[in-house]
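Protein chains in written order, with the working numbering: chain H, 1 to 296; chain P, 1 to 327.
Yeah, the Cβ is synthetic: ideal placement off N, Cα and C, and Gly gets one too.
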């Protein structure tokens with residue numbers, strides 16, 4: 001009885017906190033600013049071909065390393081290409097790589113994690129071993145290996161990052177599933193005659209998805225930065241300029257970086273804000289929904 | 001006619017360290033509209049007994065004996081019957097309402113899920129039925145509750161919701177596994193009274209599992225007292241309290257705190273600890289802790305004797321303490 005009472009006291013506070021305010025106001029201004037920024041960036045990236053901006057491959061749109069001016073908002077790079085246009089087109093590749101990477105990580109890692117946490121036994125041992133192996137493998141080497149062997153297209157670069165996401169995502173999914181699979185509501189569903197599939201989809205998934213969705217946003221930010229790292233090593237997407245490659249080109253020669261730092265700093269600023277928004281939004285989501293979790 | 005007839009039930013777990021005899025030689029029956037209390041301390045096999053009936057035991061469990069529900073043996077139920085048996089004919093209420101509701105789903109959808117799955121009724125009919133069920137378990141403002149999440153309800157309210165879920169498909173038998181253990185003392189009585197009146201109103205069989213003799217006292221028709229995976233005493237409730245044959249029942253009864261005794265009276269706990277079930281039993285499992293034990297108790301397993309003041313009073317003891325011992 002004492003146990004129950006202590007539990008009740010511990011969970012009472014968040015219960016009161018969330019009856020007072022709506023979910024959207026509890027997420028806070030920062031969350032919504034982040035979301036607005038992400039929508040702007042993603043929207044521009046999606047609409048790039050139809051926007052009235054310069055062709056990113058066209059040289060001599062501006063002068064050599066020309067500073068920002070009206071009509072050429074981010075200035076131009078060493079070959080006179082429009083940095084603003086480059087940044088928008090770069091977003092297409094960077095965000096796509098980040099999205100596919102985290103999608104792969106979630107579909108494969110999430111599925112494996114939930115199944116192994118639910119069924120346990122030998123399957124769990126095998127999957128956990130795979131996760132540990134993936135985690136112990138040097139990440140960069142794996143990415144280099146895949147892109148070198150299979151090609152440097154958007155798909156393979158995204159896939160190599162996605163493979164790296166499998167283990168951390170999968171372990172979270174497994175841990176969450178372990179927590180909930182032991183609860184009586186799962187047993188109750190089983191008593192009601194629910195199949196494994198029904199229990200996993202209807203009872204467990206809604207509980208596992210909340211912490212996972214926060215991780216998805218964080219993970220996408222990490223993938224965008226990781227793609228930049230690969231670009232810096234010269235092993236990212238071959239055709240087209242991702243953000244990473246754009247920054248790499250603008251900053252690779254020291255004289256250019258000194259004469260026209262804007263060519264590197266504008267895309268760096270955009271990457272910074274985008275990753276910050278992804279991380280912040282992910283964190284807020286986790287905090288707000290964790291409180292609800294505690295109430296149980 | 002009996003609703004549930006359990007005969008010679010035995011459950012053995014095959015573990016890497018050898019077999020564990022969790023339940024042996026358990027027999028009892030429940031009639032329609034009747035309540036049976038299964039009483040015992042932790043590890044007495046009461047939960048394993050009902051889990052075996054509900055098909056909730058892991059595959060390592062070896063179940064023998066029969067459990068007939070309406071003449072059908074539960075242990076070899078064809079899988080197509082199984083699907084619409086649990087949750088329809090037999091439903092279960094779990095111990096901890098904190099964990100028996102899904103935290104991310106609204107009360108309404110949790111209540112209607114089982115109904116819709118088994119009967120395929122429309123969602124508006126299901127909602128109407130859900131409100132009816134919440135009224136039945138005496139939750140105020142029932143229609144407003146459907147949109148709420150479990151964390152918005154108190155422990156007692158949650159347990160009422162769990163009971164409502166169990167009642168969704170009009171079960172003939174309701175099994176409640178320590179339904180009040182996780183609740184505040186003040187709420188426990190309400191929930192027990194609710195179960196009692198639901199049993200009477202809906203004419204269901206009720207199996208009430210508890211470690212507290214006080215809980216079953218005036219809410220059950222029959223009592224099974226279990227210890228070490230075996231039935232110690234099985235009798236109509238009134239007979240048990242009027243004439244305790246088994247020393248264990250007596251010891252359990254005396255360990256209940258009694259408010260009418262003078263201040264400073266010490267509690268009478270049972271000395272020692274429950275038996276190790278991985279050892280092949282040779283005598284009465286209670287013998288090492290029993291004050292009346294004779295040599296025979298530790299060398300021979302006592303069978304269930306039919307005796308006492310009335311018929312249907314069974315006890316597994318060579319040295320009965322009640323009227324059977326006097327004659």
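Proximity to residue 21 of chain P across P:31, P:50 and P:62 peaks at P:62, based on C-alpha coordinates. Inter-residue distance for residue 166 of chain P and residue 98 of chain P is about 16 Å (C-alpha atoms, whole angstroms). Not flagged as an interface residue toward chain H: residue 75 of chain P, since no C-beta distance is shorter than 9 Å.
Taking 9 Å as the Cβ-Cβ cut-off, the segment 177-199 of chain H approaches chain P at 180, 182, 183, 184, 185, 186, 187, 188, 189, 190, 191, 192, 193, 194, 195 and 198, given in chain order. Just so you know, the alpha carbons of residue 116 of chain H and residue 287 of chain P end up roughly 44 Å apart. Taking CB atoms only, residue 202 of chain H has a neighbour in chain P less than 9 Å away. Contacts between residue 211 of chain H and chain P, judged by CB atoms closer than 9 Å, are missing: the closest CB pair is about 11 Å apart.
For residue 261 of chain H, the nearest beta carbon of chain P is not closer than 9 Å to its own beta carbon. In the assembly as shown, residue 258 of chain H is an exposed residue. Its beta-carbon has fewer than 16 other beta-carbons within 10 Å. One Cα belongs to residue 196 of chain P, the other to residue 214 of chain H, and the distance between them is close to 46 Å.
Distance from the CA of residue 98 of chain H to the CA of residue 105 of chain H, rounded to the nearest whole angstrom, comes to 11 Å. In this structure, P:221 is the residue among P:301, P:221 and P:291 with its C-alpha nearest to the C-alpha of residue 200 of chain P. According to the DSSP secondary-structure assignment, residue 225 of chain P is paired through a beta bridge with P:39 and P:233. In this structure, DSSP gives residue 64 of chain H a state outside helix and strand, which the three-state scheme calls coil.
Against chain H, the CB of residue 114 of chain P has a partner CB under 9 Å away; the residue lies at that interface.
Under the three-state reduction of DSSP, residue 155 of chain H is assigned to helix. Listed along the chain, the chain H residues whose CB falls inside 7 Å of the CB of residue 313 of chain P amount to none; the nearest CB is some 33 Å away. By the neighbour-count criterion, in which a residue is buried when 16 or more other Cβ atoms sit within 10 angstroms of its Cβ, residue 126 of chain H is exposed. Cβ contact annotation for residue 198 of chain H (same chain, cutoff 8 Å, sequence separation greater than five): 189, in chain order. Proximity of the segment 270-280 of chain P to the segment 33-46 of chain P meets the contact definition, three or more beta-carbon pairs being nearer than 8 Å. Restricting attention to P:30, P:110, P:294 and P:219, the CA atom closest to the CA of residue 145 of chain P is found in P:110. Judged by DSSP secondary structure, residue 84 of chain H falls outside any beta strand (DSSP E) and instead within the alpha helix (DSSP H) spanning 83-104. Per the DSSP secondary-structure output, residue 66 of chain P pairs in a beta bridge with P:7. Residue 25 of chain P carries a strand assignment under DSSP once its states are collapsed to helix, strand and coil. In the structure shown, residue 19 of chain P adopts extended strand secondary structure according to DSSP, grouped into three states.
At a beta-carbon threshold of 9 Å, the residues of chain H lying near residue 56 of chain P are 187, 190 and 191, ordered along the chain.
Within a 10 Å sphere around the beta-carbon of residue 123 of chain H sit fewer than 16 other beta-carbons, which makes this residue exposed. Collapsing the DSSP output to three states places residue 146 of chain P in coil. In the DSSP assignment, residue 74 of chain P falls outside any beta strand (DSSP E) and carries neither an H nor an E. Under the three-state reduction of DSSP output, residue 169 of chain P falls in the coil class, being neither helix nor strand.
Nothing from the segment 40-53 of chain P brings a Cβ to less than 7 Å from some Cβ of chain H.
Distance from residue 223 of chain P to residue 39 of chain P at the Cβ level is roughly 6 Å; contact confirmed, criterion being Cβ atoms closer than 8 Å. Leaving aside the five residues that flank residue 190 of chain P on each side, the residues in its chain whose CB is nearer than 8 Å to its CB run, in chain order, 156. Residue range 90-93 is occupied by the beta strand (DSSP E) that includes residue 92 of chain P. The Cβ of residue 92 of chain P sits closer than 9 Å to at least one Cβ of chain H. Here residue 203 of chain P carries a coil assignment [DSSP, helix/strand/coil].
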